[in-house]
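Participant:
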Amino acid sequence: AALATLRSLSVNPENHYVNLHTRVNPGGAVRSQLAPANTAAPVTLAAIAGTLDVNVARFSPGSIISIFGTNLAKVTTDLSGWRGNTLPAQLNGVTVMVGGEPARLLYVSPSQINAVLSFDTPLGAQLLVVNNGNASAVPINVSIAETAPSLFFGPDGALAFKNDDFSMIGPANPARPGEVILLYSTGLGQVAPPLASGALAPVEPPSHTNPARVTIGGIEADVISSIAAPGFAGLYEAAVVVPDGVASGNAPVVLSVGGASSPPVNLAVQ
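Start counting at 1 in the sequence shown, then tack on 1, and there's your number in the numbering used here.
(1) In this structure, does DSSP put Glu15 in helix, strand or coil?
(2) Who are the near neighbours of Ala246 in its chain, counting only those whose CB is closer than 7 Å to its CB and skipping five residues on each side?
(3) Could you give the distance in angstroms between the alpha-carbon of Val55 and the alpha-carbon of Ile49?
(4) Cα separation between Ala159 and Met98?
(5) Could you give the residue range of the beta strand (DSSP E) that holds Leu124?
(6) In this structure, does DSSP put Arg8 in helix, strand or coil?
(7) What whole-angstrom Cβ distance do Pro103 and Gly190 have, given they're in contact under 8 Å?
(8) Measure the C-alpha to C-alpha separation of Val181 and Arg214 and round it to an integer number of angstroms.
(9) Do Gly51 and Thr187 have their beta-carbon atoms positioned less than 7 Å apart in this structure?
(10) Span of the beta strand (DSSP E) holding Thr187?
(11) Can you check which of these residues, Gly94, Arg32 and Val57, is closest to Ser11 by C-alpha distance?
(12) Would you decide whether Leu46 is buried or exposed? Buried here means 16 or more other CB atoms lie within 10 Å of its CB.
(13) Any idea what DSSP makes of His22, helix, strand or coil?
(14) From which residue to which residue does the beta strand (DSSP E) around Glu238 run?
(15) Count the other C-beta atoms from every protein chain shown that fall within 10 angstroms of the C-beta of Val254, then say buried if there are 16 or more, exposed otherwise.
(16) Please classify Gly271 as buried or exposed, where buried requires at least 16 neighbouring CB atoms within 10 angstroms.
(17) Got a sec? Which residues, its chain only, sit under 6 Å from Thr96 by beta carbon, not counting five neighbours each side?
(18) So Pro111 is in the beta strand (DSSP E); what residue range does that whole segment cover?
Here is the structure:
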């Protein structure tokens with residue numbers, strides 16, 4: 002019955018106040034605005050790959066992007082507790098349009114938005130527009146390509162796991178030749194069977210990317226599969242056999258799909 006009020010609370014908290022009534026103070030013991038008035042328009046400063054790799058200059062339909070700026074949202078939130086199957090196009094009043102297509106939202110805050118581009122995003126130079134529920138930011142230009150691979154990474158290198166026990170690979174748990182490892186990326190484009198924009202990838206049937214190529218330490222690796230990661234949107238999973246001959250230490254990993262290659266990230270190998 003109060004869904005419109007609940008939505009307004011999350012979009013414009015400054016329009017609401019709390020008034021606590023007690024038996025001693027039936028007129029109200031506590032009264033306060035939920036937030037100070039904020040009518041500032043959002044300002045978009047930059048958009049980079051969701052891997053936070055600043056070397057990725059382009060995005061692809063269906064990829065995860067991170068947008069930075071000021072006043073991008075009034076209320077910070079993620080999708081904790083969310084139980085849907087398709088990511089929302091609006092979160093706490095925030096919307097992101099790229100090439101006229103609504104991106105799907107993972108996280109919004111005053112300074113950062115994480116989103117997944119629509120599979121219908123047109124290729125080429127496009128405008129990205131953030132609206133915080135109060136006003137729209139000045140558009141910024143972004144470049145959209147069919148594929149724009151980018152590997153996820155952390156302080157210890159590539160975000161990679163051993164297939165047999167799903168343990169994270171790092172200096173204390175290096176990959177070894179012959180082992181099957183899982184690499185995670187974004188920017189690999191539409192899959193087959195195709196997914197709807199913002200839809201979580203199913204376990205069955207798996208949605209395969211275009212043929213993927215992976216090199217580790219400059220040596221071609223056998224790619225067992227390259228799919229949309231089940232249960233996620235915008236995330237891709239490649240199962241790869243670590244090739245023989247890779248020197249111990251930090252070996253650069255490069256993922257290529259559709260003629261485009263990711264910037265190299267390091268993988269601990271023994």
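Yeah, the Cβ is synthetic: ideal placement off N, Cα and C, and Gly gets one too.
Quick caveat, the model's predicted, so the values are computed rather than measured.
Facilitator: Walking through what the data contain:
(1) helix
(2) Before going on, a small fix: residue 246 reads as Gly here, not Ala. Result list for Gly246: Ile220, in chain order.
(3) 6 Å
(4) 30 Å
(5) Counting along the chain, Leu124 falls outside any beta strand (DSSP E), and DSSP gives it neither H nor E.
(6) helix
(7) Not confirmed; about 18 Å, so no contact.
(8) 15 Å
(9) yes
(10) Val181 to Thr187
(11) Gly94
(12) exposed
(13) coil
(14) Tyr237 to Val242
(15) buried
(16) In the sequence on display, residue 271 carries Gln and not Gly. Exposed, since its Cβ has fewer than 16 Cβ neighbours within 10 Å.
(17) Asn132
(18) Element bounds for Pro111: n/a, residue is neither H nor E.
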